[in-house]
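Undergrad: Below you will find the structure I want to go over with you.
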Amino acid sequence: MRIKYKDNGYILCFLLCFILSYLVLLKSDYFPADFLPYTEIYDGTYGEINNIEPAFLYLTRLFHYLNFPYIFFAMLVCALCLSWKIKYARKIIKDSYIYLFLYVYVSFYVFLHEMTQLRIAIAVTMCYVSVYYYFYKNCVKHALPWMVLAILFHYSALLLFMSLFIYSYRGLLIVIIGFVICMSFLNVYADTIALYLPNEKIVNYLYSISSSLDNRNDLAIFNLNNIIFLSIFILIFYLSRYIKLNDNEAKFIKYVQCSGILAFCIFFLASGVPVIAYRTAELLRIFYPMALVLILSHIKNNNMRYFIAVIIVILSGLMLFITLRAVSIVGQGL
Numbered sequence: 000m001r002i003k004y005k006d007n008g009y010i011l012c013f014l015l016c017f018i019l020s021y022l023v024l025l026k027s028d029y030f031p032a033d034f035l036p037y038t039e040i041y042d043g044t045y046g047e048i049n050n051i052e053p054a055f056l057y058l059t060r061l062f063h064y065l066n067f068p069y070i071f072f073a074m075l076v077c078a079l080c081l082s083w084k085i086k087y088a089r090k091i092i093k094d095s096y097i098y099l100f101l102y103v104y105v106s107f108y109v110f111l112h113e114m115t116q117l118r119i120a121i122a123v124t125m126c127y128v129s130v131y132y133y134f135y136k137n138c139v140k141h142a143l144p145w146m147v148l149a150i151l152f153h154y155s156a157l158l159l160f161m162s163l164f165i166y167s168y169r170g171l172l173i174v175i176i177g178f179v180i181c182m183s184f185l186n187v188y189a190d191t192i193a194l195y196l197p198n199e200k201i202v203n204y205l206y207s208i209s210s211s212l213d214n215r216n217d218l219a220i221f222n223l224n225n226i227i228f229l230s231i232f233i234l235i236f237y238l239s240r241y242i243k244l245n246d247n248e249a250k251f252i253k254y255v256q257c258s259g260i261l262a263f264c265i266f267f268l269a270s271g272v273p274v275i276a277y278r279t280a281e282l283l284r285i286f287y288p289m290a291l292v293l294i295l296s297h298i299k300n301n302n303m304r305y306f307i308a309v310i311i312v313i314l315s316g317l318m319l320f321i322t323l324r325a326v327s328i329v330g331q332g333l
């Protein structure tokens, strides 16, 4: 039987995912900050092993019991996470745009997640699956288990779970007001709340968040990272008004817009604690690559489509440079 071209392209895309996983071999040299903790988690010697999310802990114990070397475990996680994102992105985006999606996603997140933070890489992959079922299949009973599993791989996925219900500006306004009230409440009652939290890691996050309003750095919102994300948000916001989307696509794009606004608000309010500010904003923007490419695929005018594609490529290239610099790869000669 003759294999269709688009199927060949799909297979090639999967091969690219597995080829990219070979970059994990550079972890010990170029990602030392994350390499050592994850190897310790893998062999069970990590000092705060009880604070690690249970699903990831059981997964690593299984592979360690099977005498699977950590570096190959990391490569497998990288390849499978990328492949699953491609699999579900292909259900939303036209096949001819799947390479662009891979390029944009790699530029924005692969060196932050798949190459370094395996827990969040797995969690985000499951969030992609959950969002597909939630927005495109309108099937909460299939979306919910994936989101719960994502939370069990990384607790921060709880933020994405809560954000799923924000796909209107009215709901977004209520959430922002509620977030400000909660921040003020935490600032006053952090000591009392800490008594009821399960582990030290969450308690430390609580105290960091509660003090972030007092230590806020307003200038942090003007860095290049946020300027690029603001440019992408503007692209998504304005282009979505001039293209025709079906109901499911429109709902998904509105969700991405609301999440983007929420990301800027939380980043501003929590800028006194950079780790929390960047991680929160990063998670809320995780669907930007898919939204960008989806909108691009619906632009009818060829000249406009090519122009926007060039802008997307440039912005993605800038973000890749920022990311490589952040994980100290550029300075070490990769």
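According to numbering that gives the first Met the number 0, the sequence shown is numbered sequentially starting from 0. For every residue, glycine included, the Cβ atom is placed at its ideal position computed from N, Cα and C.
In chain order, which continuous runs of the alpha helix (DSSP H) of length 4 or greater are located wholly inside the stretch 272-314?
TA: The qualifying runs are 273-283, 287-296.
Undergrad: Is it right to say Lys140 is buried, meaning 16 or more other beta carbons lie within 10 angstroms of its own, or is it exposed?
TA: exposed
Undergrad: Helix or strand or just coil, what does DSSP make of Leu229?
TA: helix
Undergrad: For the 8 Å Cβ check, are there 3 or more pairs between the stretch 151-167 and the stretch 109-127?
TA: yes
Undergrad: Taking the alpha carbon of Ala149 as the reference point, which residue from Ile119, Ile51, Leu323, Arg304 has its own alpha carbon closest?
TA: Ile119
Undergrad: What three-state label does DSSP hand Gly46 in the structure shown?
TA: coil
Undergrad: Skipping 5 residues on each side, what residues in its chain have a beta carbon closer than 7 Å to that of Val23?
TA: Ile70, Ala73, Met74, Cys77, Met114
Undergrad: Could you check where the alpha helix (DSSP H) with Asn247 kicks off and where it finishes?
TA: 246-268
Undergrad: Which same chain residues end up closer than 7 Å to Cys80 when comparing Cβ atoms and leaving out the 5 residues on each side of it in sequence?
TA: Glu113, Ala120, Ile121, Thr124
Undergrad: For Asn225, count neighbouring Cβ atoms within 10 angstroms of its own Cβ and tell me buried if that reaches 16, exposed if not.
TA: buried
Undergrad: Does the Cβ of Gly316 have 16 or more other Cβ atoms within 10 Å, making it buried, or fewer, making it exposed?
TA: exposed
Undergrad: Would Phe178 and Leu268 be called neighbours here (beta carbons separated by less than 9 Å)?
TA: yes
Undergrad: What is the residue span of the alpha helix (DSSP H) that Arg118 lies within?
TA: DSSP places Arg118 inside the alpha helix (DSSP H), whose first and last residues are 117-130.
Undergrad: Kindly confirm or deny that the stretch 57-67 and the stretch 97-105 touch, where touching means at least three C-beta pairs closer than 8 Å.
TA: Judged by Cβ distances under 8 Å, the stretch 57-67 makes no contact with the stretch 97-105, as fewer than three pairs qualify.
Undergrad: Do you know offhand how far Asn247's Cα is from Lys253's?
TA: 10 Å
Undergrad: Name the two residues that bound the continuous alpha helix (DSSP H) containing Phe152.
TA: Note, Phe152: alpha helix (DSSP H), 139-152.
Undergrad: Taking Pro53 as part of the alpha helix (DSSP H), name the residues at either end of that continuous run.
TA: 53-64
Undergrad: Please determine, among Pro36, Thr38, Ile173, Tyr87, the residue with the shortest C-alpha to C-alpha distance to Pro288.
TA: Tyr87
Undergrad: Which of the three DSSP states, helix, strand or coil, is assigned to Leu99?
TA: Reduced to three states, the DSSP call for Leu99 is helix.
Undergrad: DSSP state of Ile175, grouped into three classes?
TA: The answer is helix: DSSP assigns Ile175 an H, G or I state.
Undergrad: Please name the residue, chosen from Ser270, Phe107, Gly46, Trp145, that lies closest to Asn222 on a Cα-to-Cα basis.
TA: Ser270
Undergrad: Check Asn224 in the structure and name its three-state DSSP category.
TA: helix
Undergrad: Would you mind giving the Cβ-Cβ distance between Ser258 and Ser162, rounded to the nearest angstrom? I have them listed as a contact below 8 Å.
TA: 5 Å
Undergrad: Taking only three categories from DSSP, how would you classify Tyr241?
TA: coil
Undergrad: Could you check what DSSP says for Arg89 in three-state terms: helix, strand or coil?
TA: Here Arg89 sits in coil by DSSP.
Undergrad: Just how far apart, CA to CA, sit Ala54 and Val147?
TA: Between the alpha carbons of Ala54 and Val147 lies a gap of roughly 11 Å.
Undergrad: Report the residue from Asn137, Leu151, Ser82, Met318 whose alpha carbon sits nearest the alpha carbon of Glu281.
TA: Met318
Undergrad: Ile91 to Phe134, Cα distance in whole Å?
TA: 10 Å
Undergrad: Excluding five sequence neighbours on each side, which residues of the same chain lie with their C-beta closer than 8 Å to the C-beta of Leu229?
TA: Phe263
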